[in-house]
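Data first, discussion second: the structure below is written as structure tokens.
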Amino acid sequence: MVARPALRRAIPSSRTLLHAESRILRSSFSTTLQSQQKPNNNNNSVPEYAIPDPARPTHFGFETVTEAEKRERVAGVFTSVAESYDRMNDLMSFGWHRVWKDHFVASLNPGFSPLTSSSDPRAPQHILDIAGGTGDIAFRMLHTAHILNGNPDVRVTISDINPAMLSVGKQRSASLPASQQAALSFLEANAEDLTQTKPLGANQVGYSPTTGVPDESVDLYTVAFGIRNFSNIPAALREAYRVLKPGGVFACLEFSKADKHPLFNTIYKQWSFSAIPLIGQLVAGDRDSYQYLVESIERFPSQEDFRDMIVDAGFVVGGQGYEDLTGGVAAIHKGMKPRRK
1 MVARPALRRA IPSSRTLLHA ESRILRSSFS TTLQSQQKPN NNNNSVPEYA IPDPARPTHF
61 GFETVTEAEK RERVAGVFTS VAESYDRMND LMSFGWHRVW KDHFVASLNP GFSPLTSSSD
121 PRAPQHILDI AGGTGDIAFR MLHTAHILNG NPDVRVTISD INPAMLSVGK QRSASLPASQ
181 QAALSFLEAN AEDLTQTKPL GANQVGYSPT TGVPDESVDL YTVAFGIRNF SNIPAALREA
241 YRVLKPGGVF ACLEFSKADK HPLFNTIYKQ WSFSAIPLIG QLVAGDRDSY QYLVESIERF
301 PSQEDFRDMI VDAGFVVGGQ GYEDLTGGVA AIHKGMKPRR K
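Next comes the structure, spelled out in structure tokens:
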């Protein structure tokens with residue numbers, strides 16, 4: 001276990017390095033996307049596998065279950081871990097999840113970004129943060145947009161299928177400045193079908209239980225450490241495509257594969273499967289939920305396979321389509337919904 005003081009000393013230099021890389025990657029990603037736009041056939045034919053089916057087999061960790069059963073069991077996992085989720089993330093990653101999230105948000109530069117659908121870099125922006133429960137990404141987005149980039153016209157909607165996770169996020173949001181609280185809203189919704197939603201509280205713009213998230217209403221769609229828990233990932237990707245404006249960006253931060261570094265990968269997997277469930281038992285009193293979380297990381301597609309899924313949903317990707325973090329332990333994927341000609 002790394003002592004907390006040492007962790008605090010290590011993070012600033014890592015964050016500085018990642019932010020420097022971020023500025024280069026933003027420029028490269030934007031340029032590559034603009035040069036690689038292709039005709040999109042997203043709405044012409046939806047493959048059967050991208051249509052949610054409660055009876056279709058999928059996986060829950062290493063178990064084979066139906067999509068409906070996975071949805072129910074994942075709900076149970078996150079209801080169980082909601083109160084301890086952020087603390088457990090610190091323990092499981094030695095605090096690195098904070099560095100990854102900072103870098104993820106910096107690479108998107110909300111409030112002043114060439115990747116959004118508007119030609120005005122400080123135009124109003126709507127960010128939809130999926131599986132955003134406790135608010136870690138949304139709060140960073142608002143701080144970057146409102147404070148660092150001076151754009152108060154950026155609003156963020158936190159969407160999560162789990163009301164317990166949203167409740168934690170709402171409690172945490174009370175510490176935000178009033179202007180940021182006013183630009184924040186919460187939505188209970190299934191990412192695989194955003195046409196059915198349950199707005200929570202005030203500040204809801206354009207959402208209702210009957211209309212859900214409208215077509216082409218979002219500038220930036222983010223999901224961090226959540227998509228691997230979805231019952232039907234292709235369906236969620238196509239919903240992301242539907243709600244994004246032309247020129248809008250899909251951005252995902254997720255645990256990934258460190259296979260390119262065999263020795264490191266062996267040590268990482270041994271730590272994950274032996275230590276993380278034990279920490280879950282000791283800290284949260286819930287070994288099974290954290291055993292599932294480790295198994296879900298192992299079952300998630302490789303960087304290349306997930307990139308191909310994003311392209312199959314209609315998005316255009318730049319370069320190799322992803323950025324590895326910490327040797328591939330996590331990765332950032334981005335795709336742009338092509339602009340209309």
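Under the UniProt record's numbering, the first residue of the sequence shown is numbered 1, with each subsequent residue one higher.
Just so it is clear, CB atoms sit at the ideal spot from N, CA and C, and this is done for glycine as well.
Treat the numbers as computed from the prediction; the structure is a model and nothing was measured.
Given a cut-off of 8 Å, decide if residue j and residue i are closer than it, judged by their beta-carbon atoms.
{"i": "residue 345", "j": "Val283", "result": "Outside the modelled stretch of the chain, which goes from 1 to 341, sits residue 345, for which no answer is possible."}
{"i": "Ala313", "j": "Tyr241", "result": "yes"}
{"i": "Ser296", "j": "Gly135", "result": "no"}
{"i": "Lys260", "j": "Gly328", "result": "yes"}
{"i": "Lys101", "j": "Ala224", "result": "yes"}
{"i": "Glu63", "j": "Pro52", "result": "no"}
{"i": "Leu187", "j": "Ile127", "result": "no"}
{"i": "Ile130", "j": "Gly247", "result": "no"}
{"i": "Leu142", "j": "Leu176", "result": "yes"}
{"i": "Gly76", "j": "Gly132", "result": "no"}
{"i": "Met336", "j": "Val249", "result": "yes"}
{"i": "Ala164", "j": "Val154", "result": "no"}
{"i": "Gly321", "j": "His333", "result": "yes"}
{"i": "Ala189", "j": "Ile233", "result": "no"}
{"i": "Ser289", "j": "Val81", "result": "yes"}
{"i": "Arg238", "j": "Val46", "result": "yes"}
{"i": "Phe112", "j": "Arg122", "result": "yes"}
{"i": "Glu216", "j": "Lys245", "result": "yes"}
Check residue i in the structure and name its three-state DSSP category.
{"i": "Val154", "result": "strand"}
{"i": "Thr326", "result": "helix"}
{"i": "Glu188", "result": "strand"}
{"i": "Gln320", "result": "coil"}
{"i": "Val311", "result": "helix"}
{"i": "His261", "result": "coil"}
{"i": "Val213", "result": "coil"}
{"i": "Arg339", "result": "coil"}
{"i": "Gly247", "result": "strand"}
{"i": "Ser302", "result": "coil"}
{"i": "Met141", "result": "helix"}
{"i": "Asp53", "result": "coil"}
{"i": "Asp120", "result": "coil"}
{"i": "Leu128", "result": "strand"}
With a cut-off of 8 Å on the beta carbons, I'd call residue i and residue j a contact; round off their distance for me.
{"i": "Ser256", "j": "Ala331", "result": "4 Å"}
{"i": "residue 402", "j": "Phe104", "result": "Because the chain here runs from 1 to 341, residue 402 falls outside it and cannot be looked at."}
{"i": "Arg228", "j": "Phe315", "result": "That pair is no contact at about 18 Å."}
{"i": "Asn265", "j": "Ala275", "result": "The pair is not a contact, with the Cβ atoms about 16 Å apart (cut-off 8 Å)."}
{"i": "Leu184", "j": "Ala138", "result": "7 Å"}
Given that a residue counts as buried once 16 or more other Cβ atoms are within 10 Å of its Cβ, and exposed if not, what is residue i?
{"i": "Ile24", "result": "Bear in mind that a pLDDT of 39 at Ile24, under 50, signals an unreliable position, so the model cannot answer this."}
{"i": "Pro110", "result": "buried"}
{"i": "Ala182", "result": "exposed"}
{"i": "Leu263", "result": "exposed"}
{"i": "Arg87", "result": "exposed"}
{"i": "Ala55", "result": "exposed"}
{"i": "Ala50", "result": "buried"}
{"i": "Pro277", "result": "buried"}
{"i": "Ile267", "result": "exposed"}
{"i": "Ser28", "result": "Residue placement at Ser28 is flagged as unreliable, the pLDDT there being 43, under the threshold of 50; the coordinate-derived value follows with that caveat. It counts as exposed."}
{"i": "His59", "result": "exposed"}
{"i": "Arg140", "result": "buried"}
{"i": "Glu323", "result": "buried"}
Have a look at the DSSP bridge pairing and note the partners of residue i.
{"i": "Asp160", "result": "Glu188"}
{"i": "Val218", "result": "Leu244"}
{"i": "Phe230", "result": "Answer by DSSP bridge pairing: none, since Phe230 is not bridged."}
{"i": "His333", "result": "Cys252, Tyr322"}
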